[in-house]
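Engineer: Here it is, the structure, as structure tokens.
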Amino acid sequence: MGTDEIAASSPAPPPRPTGGTRDLVLMLVLTFTTGIVDAGGFLAFDTVFLGNMTGNVLILGMGAAGAHGLPVFSPALALLAFIAGAGVASLFLRSGPAGWSPRLVSVLSVSTVLVAVTAVLMGFDAGDHAARLSAVGLTAAAMGMQAAAVSAGVVVCGYVLAAHAGADPATSV
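Quick note on this note's numbering: the sequence shown kicks off at 184 and runs consecutively.
Spelled out as structure tokens, the structure:
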């Protein structure tokens, strides 16, 4: 049996994900991560959202208006850290090529490291107030970086979903 016959009888390798499939998977992973981080932050850090800032704006507004029992400092810290993370990542991504690039991988890697550092920090001293505030800031900054990666054009939710549904993304979004 020759080399050509062996190659012909071997099963074909699985297809590599296309750009649209990769982007859809990335979108789902980032969405799941944000949901888990938001739920954990809300339960562990005294009603602070770490992934989606609209809840923090609502809590800040009610807290500033004098609603009893609502925190003001932690949601404000999360909001500022999210903005800082998104801003730094956006500036970094802006100077690179559009789409999937080493810069994007760097942003998502730093975001992952920040969340991992938060997990380690909370594993050692979850009761310490300074550790909790650091965890809020680090995680919110990481989520801001993820938001910048998404808005950099790598994953555009409507575009990817429309393309998978077989519709023309230019007219579906």
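Cβ coordinates follow ideal geometry from the N, Cα and C atoms, glycine included.
1) Which of helix, strand or coil does DSSP assign to Met-326?
2) Any chance the region 207-223 sits against the region 241-256, with 3 or more Cβ pairs inside 8 Å?
3) I'd like to check one pair, Leu-304 with Ala-314: are the Cβ atoms closer than 8 Å?
4) Can you tell me whether Gly-327 is buried or exposed, with buried defined as 16 or more other CB within 10 angstroms of its CB?
5) Report the three-state DSSP secondary structure of Ala-309 (helix, strand or coil).
6) Check whether the Cβ atoms of Gly-268 and Ala-324 sit closer than 8 Å, and answer yes or no.
7) According to DSSP, simplified to helix, strand and coil, what is Met-245?
8) Find out if the Cβ-Cβ distance for the pair Ala-264, Leu-243 is shorter than 8 Å.
9) Using DSSP with H/G/I as helix, E/B as strand and the rest coil, what is Gly-224?
10) Using a Cβ cut-off of 8 Å (strictly closer), state whether Phe-215 contacts chain C.
11) How many angstroms separate the CA atom of Val-231 from the CA atom of Gly-218?
12) Leaving aside the five residues before and after Ser-294 along the sequence, list all residues of the same chain whose C-beta is less than 6 Å from its C-beta, in chain order.
13) Between the C-alpha atoms of Leu-274 and Ser-292, what's the straight-line distance to the nearest angstrom?
14) Taking the alpha-carbon of Thr-204 as reference, which of Leu-276, Leu-316 and Trp-283 has the nearest alpha-carbon?
15) Comparing C-alpha positions only, which one of Ala-281, Ser-278 and Ala-318 sits nearest to Val-296?
Structural biologist: Well, looking at it:
1) helix
2) no
3) yes
4) buried
5) coil
6) yes
7) helix
8) no
9) helix
10) Of the protein chains in this structure there is only one, and it is not chain C.
11) 13 Å
12) Ala-325, Met-328 and Gln-329
13) 16 Å
14) Trp-283
15) Ala-318
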